[in-house]
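**Student:** Below you will find the structure I want to go over with you.
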Amino acid sequence: MANLTFYYAAMNTGKSASLLQYAHGFRENNQKVMLFTTRLDNRFGKKKIISRIGLEKEAVCYGDDFNFKTYMEDHRDAKGVFVDEAQFLTKEHVEQLAHIVDIFDIDVYCYGLRSDFQGEPFSGSLHLLVWADRLLEIPGVCFCGDPCSMHLRVIGEKVTKEGPQILIGGSERHHSVCRKHFFLEEITTE
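Residue numbers (numbering that gives the first Met the number 0): 0 to 189.
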């Protein structure tokens with residue numbers, strides 16, 4: 000029986016690297032996988048999932064108008080569907096992915112943030128938290144050594160809780176922290 004799995008974590012904890020490593024295991028066993036990532040992140044100029052440690056692989060880009068169920072009609076021989084940046088999924092996307100699991104009997108693995116820089120859930124994450132068969136946290140470490148579960152947005156060198164929910168960027172804009180330092184709005188002990 001196939002499952003819908005949501006791997007969630009804070010920023011900069013290796014979600015994309017984990018996705019690419021897991022998908023590689025399928026391919027090593029001659030099993031077809033489909034890789035998806037958001038259209039929102041165009042920093043790299045190509046349709047790829049790229050990890051901060053240098054792993055990368057071509058992927059199909061999705062946007063709000065994308066239909067996973069329709070796309071997968073022609074790829075029902077896949078053994079796994081891997082979705083990076085799953086926080087940007089819509090409610091309809093999560094329903095489509097559940098259909099792929101339940102009707103096509105294909106495992107779906109979604110990787111993304113649980114919450115935004117204000118501590119609020121993203122739509123995709125919220126619906127995955129409710130509808131996924133399995134929820135697995137990818138651990139990360141705050142600068143204080145405690146597990147990180149949140150992230151802070153930094154503009155210049157100042158923490159902010161203002162602005163749009165989505166601001167694409169890496170460690171120059173987002174710092175993973177524990178809940179304590181999220182509420183204290185601290186990104187360093189110096």
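Where a beta carbon is used, it is the ideal one built from N, C-alpha and C, also for glycine.
As the structure is a computational prediction, the values presented were derived from the model and not from experiment.
Do you know offhand how far residue 129's Cα is from residue 28's?
**Tutor:** 31 Å
**Student:** Three or more beta-carbon pairs under 8 Å between the region 138–147 and the region 98–116, yes or no?
**Tutor:** no
**Student:** Go to residue 99, then tell me how far its alpha helix (DSSP H) extends in each direction, as first and last residue.
**Tutor:** 90–101
**Student:** Note down, in chain order, each residue of its chain lying with its Cβ closer than 7 Å to the Cβ of residue 60, except the 5 sequence neighbours on either side.
**Tutor:** Short of 7 Å from the beta carbon of residue 60, and not among the five residues preceding or following it, lie these beta carbons of its own chain, in chain order: 36, 37, 38 and 46.
**Student:** Return helix, strand or coil for residue 58, following the three-state DSSP convention.
**Tutor:** Coil.
**Student:** For residue 147, tell me which candidate among 153, 157 and 176 has the shortest Cα-Cα distance.
**Tutor:** 176
**Student:** State the Cα-Cα distance for the pair residue 179 and residue 121, rounded to the nearest angstrom.
**Tutor:** 21 Å
**Student:** Rounded to a whole number of angstroms, what is the C-alpha to C-alpha distance between residue 50 and residue 144?
**Tutor:** Rounded to the nearest angstrom, the two C-alpha atoms are 23 Å apart.
**Student:** Could you name the residues of the same chain whose beta carbon sits closer than 7 Å to that of residue 131, not counting the 5 residues immediately before and after it, in chain order?
**Tutor:** If the five residues before and after residue 131 are omitted, its C-beta is found closer than 7 Å to the C-beta atoms of 3, 4 and 5, all from its own chain and listed in chain order.
**Student:** For residue 115, is the classification buried or exposed, using 16 other Cβ atoms within 10 angstroms of its Cβ as the cut-off for buried?
**Tutor:** buried
**Student:** What's the call for residue 133, buried or exposed, on a 16-neighbour Cβ count within 10 Å?
**Tutor:** exposed
**Student:** Kindly list the residues whose CB is nearer than 6 Å to the CB of residue 86, restricted to its own chain and excluding five residues on each side of it in sequence; keep chain order.
**Tutor:** 111, 112, 121, 123 and 124
**Student:** Can you tell me whether residue 63 is buried or exposed, with buried defined as 16 or more other CB within 10 angstroms of its CB?
**Tutor:** exposed
**Student:** Which residue marks the beginning of the alpha helix (DSSP H) containing residue 26, and which one marks its end?
**Tutor:** 14–27
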